[in-house]
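A quick write-up on the structure given underneath.
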Amino acid sequence: MHLRRLRYFVAIARQRHFARAAEECGVSQPTLSAGLSALEADLGHRLVERDRRFAGLTSHGEAILPWAEQILGAVGSMASTLSASAAPLGGEFSLMAIPAAQSLTGRFGEALLRRNPGLSLSVRSATSREIDRALHAFECDAGLTYLDHEPPANTLSIALDAERYLFVTRADGIDAAVTEASWHMIASTPLCLLHQSMQFRRILDARMAALGTSIVPRAVADSYVVLLDMVRSGRFSTIIPHSYGELLQGLDWARFLPIADEGDARRIGLVVMNRSPLSAVVQAGLSAARDLVSEQV
113 MHLRRLRYFV AIARQRHFAR AAEECGVSQP TLSAGLSALE ADLGHRLVER
163 DRRFAGLTSH GEAILPWAEQ ILGAVGSMAS TLSASAAPLG GEFSLMAIPA
213 AQSLTGRFGE ALLRRNPGLS LSVRSATSRE IDRALHAFEC DAGLTYLDHE
263 PPANTLSIAL DAERYLFVTR ADGIDAAVTE ASWHMIASTP LCLLHQSMQF
313 RRILDARMAA LGTSIVPRAV ADSYVVLLDM VRSGRFSTII PHSYGELLQG
363 LDWARFLPIA DEGDARRIGL VVMNRSPLSA VVQAGLSAAR DLVSEQV
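The sequence shown begins at 113 in this note's numbering and counts up one residue at a time.
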């Protein structure tokens, strides 16, 4: 069985489109289709339903996809480990981060690249569920996500922050004497929030339910940049992690207020798959995270 044929199959499963899969693999579409047919002949089963276009994986394709991902991931980890044994660690560290953790990427990236000047860092925004899937599919080296709420299964983790809420509103729309926001005040304000596919919002909704109430936003988005721009417009207020407040200090149009009775802080940290052996790149990420913890002590 040729590894390139497995790469073609995994790319098709991920892209769900023959032309995009061929582009990902750097080959022509006829070459990719021929490689897939050869893989199916090797295995004795049809893996992809297709006529003129991709129509889904067969039951056999669904069954072998996790194995194909693991084989390719193990080969990639072996190659990076072999490279690291002969020279300073190089290549790309692939990191996925939930929006609530993206304000931590700068500190983590600085610690990682300081230790490993031959590495480059690639950061992608993702939901916690997308990070879970990508870790299992060897599509990223690590994730920054919540550790106590819907954590990815079978992972190693290092806590980097304990998230608190901040209420954000226009500076000219609230009494300067107010230093803390109550849930009652928040619920009576036109709000824009992350939508419910984002874990930050699901945790926030659970907190409100525990208090016997709920928040119905007037607008939703999947980006804190969008939420903050809506607040700047003067029509809305929002709730963000405290780390964004630290990042945005000095904005003359915004007030950042802590929230009374917000509940326990929520741990956010680095997660990697608990595999043996760990690749050299993943070990580098864990070491960088430990450096950050040491610096905070």
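Glycine included, C-beta positions come from ideal geometry on N, C-alpha and C.
In chain order, what residues of the same chain have a beta carbon less than 6 Å from the beta carbon of residue 232, not counting five sequence neighbours either side? As a working mapping, residue 232 is identified with position 120 in the sequence shown. If we look at residue 232 and ignore the five residues flanking it on each side, its Cβ neighbours are 204.
What residues in its chain sit with their C-beta under 6 Å from that of residue 157, if we drop five residues either side in the sequence? Here residue 157 refers to the residue found at position 45 of the sequence shown. 172, listed in sequence order.
Going by DSSP in three states, residue 252 sits in which element: helix, strand or coil? As a position in the sequence shown, residue 252 is number 140, starting the count at 1. Here residue 252 sits in coil by DSSP.
Counting pairs of beta carbons, one from the region 390-400 and one from the region 342-357, are three or more of them closer than 8 Å? no
If you check the beta carbons only, do residue 115 and residue 160 fall under 8 Å apart? For the purposes of this step, residue 115 is taken as the residue at position 3 of the sequence shown. For the purposes of this step, residue 160 is taken as the residue at position 48 of the sequence shown. No, Cβ-Cβ distance for residue 115 and residue 160 is not below 8 Å.
Give the DSSP-derived three-state secondary structure of residue 297 in the structure shown. Against the sequence shown, residue 297 aligns to sequence position 185. It is helical.
If you check the beta carbons only, do residue 249 and residue 238 fall under 8 Å apart? Walking along the sequence shown from the start, residue 249 turns up at place 137. Walking along the sequence shown from the start, residue 238 turns up at place 126. No; because the gap between Cβ atoms is not below 8 Å, this pair is not in contact.
Report the partner residues of residue 339 according to the DSSP bridge assignment. Within the sequence shown, the letter at position 227 stands for residue 339. Beta-bridge pairing links residue 339 to no other residue.
From what residue to what residue does the beta strand (DSSP E) around residue 334 run? By one-based count along the sequence shown, residue 334 stands at place 222. Looking at the DSSP string, residue 334 is not in any beta strand (DSSP E), and its letter there is neither H nor E.
Residue 235 - containing alpha helix (DSSP H), residue span: Your numbering for residue 235 matches position 123 in the sequence shown. Residue 235 -> not in any alpha helix (DSSP H); beta strand (DSSP E) instead, spanning 231-237.
Can you say whether residue 326 is buried or exposed, counting buried as having 16 or more other CB atoms within 10 angstroms of its CB? Working through the sequence shown from its first residue, we reach residue 326 at position 214. Exposed.
Taking the alpha carbon of residue 136 as the reference point, which residue from 123, 324, 402 has its own alpha carbon closest? Locating residue 136 in the sequence shown gives position 24, counting from the first residue. When only C-alpha atoms are compared, the closest one is 123.
Could you name the residues that DSSP lists as bridge partners for residue 273? Stepping through the sequence shown from its first residue, residue 273 is reached at position 161. Paired residues: 380.
My parser needs the alpha helix (DSSP H) runs of 4 or more residues fully inside the region 153-219; what are they? 171-198
Do you know how far the Cα of residue 209 is from the Cα of residue 164? If you number the sequence shown from 1, residue 164 lands on position 52. If you number the sequence shown from 1, residue 209 lands on position 97. Near 36 Å, if we compare the C-alpha coordinates of residue 209 and residue 164.
Strand pairing of residue 304, partner residues [DSSP]: Position 192 of the sequence shown, counted from the first residue, corresponds to residue 304. Residue 304 pairs with 331.
My guess is that residue 303 and residue 329 are in contact by the Cβ rule of under 8 Å, so how many angstroms apart are they, rounded? Counted from its first residue, the sequence shown places residue 303 at position 191. Counted from its first residue, the sequence shown places residue 329 at position 217. At roughly 4 Å, the Cβ-Cβ gap stays under 8 Å, so residue 303 and residue 329 are in contact.
Length of the line joining the Cα atoms of residue 133 and residue 370: Taking the first residue of the sequence shown as 1, we reach residue 133 at position 21. Taking the first residue of the sequence shown as 1, we reach residue 370 at position 258. Each residue's alpha carbon lies about 47 Å from the other.
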